[in-house]
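Numbering-wise, UniProt numbering puts 52 at position 52 of the sequence shown, and it's gapless, one number per residue.
From the three backbone atoms N, C-alpha and C, an ideal C-beta is built for every residue, glycine too.
In this text, all values refer to a predicted model and were calculated from it rather than measured experimentally.
These notes are about the structure you will find just below.
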Amino acid sequence: MKNILVATDFSNNAYCALFYASKLLASETCTFYILNTYSELTISPGKTLPILNIKKHLKEQESESKEKLTHTKHKIVLDNENPLHTFHTISQKGDLVNIIAQQIEELKIDLVTMGNKGLTEATDVFFGSNTIKVADNLKCPLLAIPGEMDFHPIKEIAFVTDLRKDCGQKTIDQLLYIASLSKASIRVVHVQEQHILNKTQEENRKQLEEGLSNVGHSFQWIKNFDDKAKVIDVFLEKLKVDMFAMVHEKRNLFEKLTREPVVKDLSMYSDIPFLILPSQE
1 MKNILVATDF
11 SNNAYCALFY
21 ASKLLASETC
31 TFYILNTYSE
41 LTISPGKTLP
51 ILNIKKHLKE
61 QESESKEKLT
71 HTKHKIVLDN
81 ENPLHTFHTI
91 SQKGDLVNII
101 AQQIEELKID
111 LVTMGNKGLT
121 EATDVFFGSN
131 TIKVADNLKC
141 PLLAIPGEMD
151 FHPIKEIAFV
161 TDLRKDCGQK
171 TIDQLLYIAS
181 LSKASIRVVH
191 VQEQHILNKT
201 QEENRKQLEE
211 GLSNVGHSFQ
221 WIKNFDDKAK
231 VIDVFLEKLK
241 VDMFAMVHEK
251 RNLFEKLTRE
261 PVVKDLSMYS
271 DIPFLILPSQ
281 E
């Protein structure tokens, strides 16, 4: 992994996401791109949106964005102290989701990192509304960092799957790379909707087991609940994993979870980093 894009709104959570990524990739030679976006609707803390003179407002937003990005860059360089890491800043007017997609293509980004908390409570939506939108257009892994948390080495990653798809080697390689950074083991958690696996699920299970053959791993079956979010809550609480991962594709478990409003209220998301993997099949 070489090119890391970190989106920031200059909140403490956004900086924690940047710092976490720098520690997670401490042994890797990386270029970090710290991105901040602004628009006509961007409001600085303590200020109100002007009705007139939008051009002046945008100039102020641009100047503030660049100034805060420079401050963030200086801070992470001092906090990180890693000669393997290089940091650049990007200040751009426009929609965050569209700009991230654009930067992924132009900079050949390998990982996107962002926090799920905003500068104000009003922006504290489940993973941040923007995080979900970014995931919907994902072409590389997205690491969502919850709140203001300290980094500690990853010892175990829970990989949640319904075994209907998302078990191909190209997809799993992204998970294996993250696990390899700290020699973490992988606990596969299958949310069991039926008593036995169907033919496709059994084939995917075998394919997944083969793909994980060179890393410490285990399988765990969890019975289905009406609210699938509680399934994740149960095993995260019991197993004390350091990170959990899912593959994001249409009509899979991830989509079901994000459509359940109760998910955003569960305390499990307050202290567990979430790795969202794009399907490579």
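Output the distance between the C-alpha atoms of residue i and residue j, rounded to the nearest integer angstrom.
i           : j           : result
residue 217 : residue 155 : 11 Å
residue 143 : residue 199 : 32 Å
residue 25  : residue 195 : 40 Å
residue 221 : residue 18  : 34 Å
residue 100 : residue 33  : 11 Å
residue 60  : residue 179 : 42 Å
residue 182 : residue 133 : 29 Å
residue 280 : residue 274 : 18 Å
residue 237 : residue 244 : 12 Å
residue 167 : residue 112 : 21 Å
residue 215 : residue 73  : 35 Å
residue 158 : residue 55  : 48 Å
residue 89  : residue 139 : 21 Å
residue 161 : residue 246 : 7 Å
residue 83  : residue 109 : 20 Å
On the three-state DSSP scale, how would you describe residue i?
i           : result
residue 134 : helix
residue 8   : coil
residue 261 : Low confidence applies to residue 261: its pLDDT is 43, below 50, so where it sits in the model is not reliable, and the reading given next is rough at best. If DSSP states are grouped into helix, strand and coil, residue 261 belongs with the helices.
residue 174 : helix
residue 211 : helix
residue 126 : Low confidence applies to residue 126: its pLDDT is 39, below 50, so where it sits in the model is not reliable, and the reading given next is rough at best. Of the three classes helix, strand and coil, the one that applies to residue 126 here is coil, per DSSP.
residue 279 : coil
residue 91  : strand
residue 36  : strand
residue 16  : helix
residue 272 : coil
residue 28  : coil
Closest to residue i by C-alpha separation, out of the options, would be which residue?
i           : options           : result
residue 35  : 57, 279, 10       : 10
residue 239 : 207, 75, 209, 272 : 272
residue 148 : 135, 56, 113, 20  : 20
residue 15  : 79, 91, 213       : 79
residue 153 : 2, 5, 23          : 23
residue 104 : 76, 87, 77, 137   : 137
residue 98  : 37, 173, 187      : 37
Buried or exposed: residue i, going by 16 or more other Cβ atoms within 10 Å of its Cβ?
i           : result
residue 29  : exposed
residue 116 : buried
residue 7   : buried
residue 27  : exposed
residue 63  : exposed
residue 94  : exposed
residue 163 : buried
residue 213 : exposed
residue 39  : exposed
Measure how close the beta-carbons of residue i and residue j come, nearest whole angstrom, since I'm counting them as under 8 Å.
i           : j           : result
residue 190 : residue 219 : 7 Å
residue 141 : residue 277 : 5 Å
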